[in-house]
Amino acid sequence: AFCLGAPGQPTSRLFFLGSNGGAIAAVDPRAPGTTGAAARAILLPEAHNKKINTLSAHAGGHLLASASTDASVRIWDVRKLRDALLQIEPLEMDPPEMGPSQIGGEQIGARGPSPQVFKAKPLCSLPLGASSQSAVWAPVAAAGGGLTSLLVTSFDNQLAIYRNLGGGGGGAPAPAVVIRHNTQTGRWVVPFRAEWTSAGDGVLVGGMSRTADVYDSAT
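Using my numbering, read the sequence shown as starting at -16 and increasing by one per residue.
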C-alpha cells in the first residue's frame, strides 16, 4: 500500500508505505538540509498484524488511515511521525544499479542504516467483522461528519461510514452509517474498494452483477 501526504499541508512532502507484514514506513524523500540522493525514514513495525491493503491521508494533513487484512482500520497522527523524522539521520538512496534494503520485511531502494523504529499508538482502532480492503477519507465535508468522515470496505458484506474521527482516546467508535452490500468477490475478482463521490454526498462501489452501485452517504 502507498499514499502521499495531503497537498498543501506540512506533511505533504512525506509518503507512506504499508507492507504485507503489517508495517508502516513514513519517508521524507527530500531530507531538508542534505544534498544528493538522501531521505529520512522511520518504521512502525507492528502497525497491524497482517497485510496493509490501503493507506489514506486526511485532507487536513494530520491523519492517516490504514486498512488491513487483520480485520481492523487504524487512525494515526502523522504529525508525530513527521516530528520523529526530523530527529534522525538521512539514509542514502540507492542508484538504480544498487540493491535495495529491507523495510518491514520488504524491500525499498535505500542503503546504509535501517530505518529507525518508532513506537506509536493509533488514535483509534476500528474493529471489523472481516478483512478490510480499503478505508478512505471524504474528499470534502461529507454530510454530518465534516472532513473526518471515513468510508470503510470490508469482507463482512457492508460499507461503513465513520464520522468525526481523529480525536484520540484510543477507543473504538461505532459507524454512523452501515450500508449492506455484497463484498464477497471470490477468488478471481479484484476486491471491491468503495469510493466517495466528488461532492462527498455519495458512495460508489462495484457490484457482483457487473454494476456500479451508488448509495447516499447520509443514510
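Heads up, the beta-carbon is just placed ideally off N, CA and C, and yes, glycines get one too.
Values in this document were obtained by computation on a predicted structure and should not be read as measured data.
When the beta-carbon positions are compared, Leu148 and Ser132 come within less than 9 Å of each other. Taking C-beta atoms as the reference points, Pro174 and Asn36 count as a pair closer than 9 Å. When secondary structure is reduced to three states using DSSP, Asp66 falls in the helix class. A Cβ-Cβ distance of about 16 Å is found for the pair Gly190 and Asp199, leaving them out of contact under the 8 Å criterion. Of the residues Cys107, Thr180, Asp139, Ala103, the one whose Cα lies closest to the Cα of Leu26 is Ala103. Out of Thr202, Gly44, Ala121, Ser49, the CA that lies nearest to the CA of Ser108 is found in Ser49.
Leu142 is positioned such that its CB atom lies no closer than 9 Å to that of Thr180. In chain order, Cys107, Ser108, Leu109, Pro110 place their CB closer than 8 Å to the CB of Ala155, counting only its own chain and leaving out the 5 sequence neighbours on each side. Straight across, the Cα-Cα distance linking Ala113 with Asp53 is about 8 Å. Inter-residue distance for Gly(-12) and Ala40 is about 6 Å (C-alpha atoms, whole angstroms). Contact between Pro(-7) and Gly43 is ruled out by a C-beta separation of about 11 Å, above the 8 Å threshold. Nearest to Ala118 by alpha-carbon distance, out of Ala177, Arg62, Gly(-9), Phe101, is Ala177.
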